[in-house]
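What follows is a single structure, written as structure tokens, with notes after it.
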Amino acid sequence: MKEVKTIKYKDEVNDDFAGTNIDTKKTPENFKYVHTNIFYRFFAWILYWPIVKPLITLFTKISCHQKFVNKKVLKKYRKQGYIVYANHTIIPEDAFIPNMLTWSKKNYIIVGPDAISIPGIRTLVTMLGGYPIPASIKTGQNYLDGIDYLLKHNNVITIYPEAHIWPYYTKIREFKDVSFNYAYTSGVPVFSLTNTFVKSRNKLRKKPKVVTYINGPFFADQSLPRKESILKLRNEVRDSMVKVTESVEQVEYKFHYEKEEAE
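This note's numbering puts the first residue of the sequence shown at 94, with every later residue one more than the last.
Right, here's the structure in full:
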């Protein structure tokens, strides 16, 4: 493997090492989350299903030899919507792998406003399933209504609760439980998606192979008060992800992460 670069971090919840340098703009208050226009829906369908989805599947298989483990747990829920929580560790594959979970559903990925801040591609991003976090309370209700609509229409929503990208990080960071509100409110099944990095059998290949583990389903416990139920669900999902990363023999690639000592 290529020599790795050491990255020092202070806060595993808020530090970001994506390195995209995008001039981020706030999600507009009038942002339209659900499109019913027949022409928009037609071109979004053409773009996503016969063009982009096959291309990203091919790209991901070539770029990191990605494979799924235990994807069969999703079959029982193919006729309903569900939420997937994933670790945030690969650029650009984090935008691609969730779309390969099923060929019968469209996957919508909760993204930061930076994803729609690049001039000229906002419509393209949203047509492909980018679902930006709102910047104001005014937009928040439309955002939540849109999530409810998508889940009721049997789509998949993928969330990266770690929020920030740490490329090729082999552990699971701490993350907040705020995004688990969606699962509690909707009552839909929840799954964890954990990408791991294993040594390639091809001796000429330096880049690790990505093996993606799917675990679940998990459900919000409706017998508990909301806050307790959300925290319990968050812990169950995170524990399942930690268990995967601790049970798989992973390799460091490009980066080694070390926490800075407190002064």
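For each residue, glycine too, the CB sits at the ideal point set by N, CA and C.
Just tell me which of D207, T305, W196 and D187 has its CA closest to the CA of N248.
For the options D207, T305, W196 and D187, the alpha carbon positioned closest to that of N248 is the one of W196.
Starting from the Cα of D174, find the closest Cα among K292, Y275, K347 and I323 and give me that residue.
Correcting the residue identity first, residue 174 is Gly in this sequence and not Asp. Residue nearest to G174 within the set K292, Y275, K347 and I323 is Y275 (criterion: CA-CA distance).
Please state if the CB of L326 and the CB of A179 are separated by a distance shorter than 8 Å.
no
At what residue ranges does the segment 232 to 272 contain a whole run of the beta strand (DSSP E), taking only runs of 3 or more?
249 to 252
Can you tell me whether D187 is buried or exposed, with buried defined as 16 or more other CB within 10 angstroms of its CB?
buried
With DSSP as the reference, identify every bridge partner of S285, one or two as the case may be.
Y178 and N308
Under 8 Å between C-beta atoms, does E354 make it to chain B?
Looking at the structure shown, chain B is missing, and only one protein chain is on hand.
I believe I258 touches H181 by the beta-carbon criterion, under 8 Å. Please report the beta-carbon distance rounded to the nearest angstrom.
That pair is a contact at about 5 Å.
Chain-order list of residues whose beta-carbon lies under 6 Å from that of V106 (same chain, five-residue window excluded):
Same-chain partners within the cutoff: E267.
Which of the three DSSP states is assigned to M94 in this structure?
With a pLDDT of only 48 at M94, under 50, the local geometry of the prediction cannot be trusted, and the value read off the model is given with reservation. It is coil, neither helix nor strand.
Count the other C-beta atoms from every protein chain shown that fall within 10 angstroms of the C-beta of V177, then say buried if there are 16 or more, exposed otherwise.
Buried is the call here.
Should K146 be labelled buried (16 or more other beta-carbon atoms within 10 Å of its own) or exposed?
buried
If you reduce the DSSP assignment to three classes, tell me which class F290 lands in.
strand
Please classify I115: is it buried, with 16 or more other beta-carbons within 10 angstroms of its beta-carbon, or exposed?
exposed
Determine the DSSP secondary structure at I202, reduced to helix, strand or coil.
strand
Among Y262, N163 and D238, the one whose alpha carbon lies nearest that of P310
N163
What distance in whole Å lies between the Cβ atoms of V271 and V330, which are believed to be in contact at a cut-off of 8 Å?
Rounded, the Cβ-Cβ distance is 13 Å, inconsistent with contact.
Can you tell me the Cα-Cα spacing of K165 and C157, whole angstroms?
21 Å
May I ask you to verify whether the segment 295 to 310 touches the segment 337 to 354, counting CB pairs closer than 8 Å and requiring at least 3?
yes
If we count the other Cβ atoms within 10 Å of its Cβ and call it buried at 16 or more, is E96 buried or exposed?
exposed
Distance CB(T120)-CB(P206) smaller than 8 Å
yes
Mind checking which residues open and close the alpha helix (DSSP H) that includes E339?
R319 to S340
If I'm right that I149 touches N192 with Cβ under 8 Å, what's the distance once you round it to whole angstroms?
6 Å
Residues near T317 by beta carbon distance below 7 Å, same chain, minus five either side:
Reading the sequence as shown, one finds Leu at residue 317 and not Thr. If we look at L317 and ignore the five residues flanking it on each side, its Cβ neighbours are K325.
Residues that DSSP places opposite F348 in a beta bridge
K98
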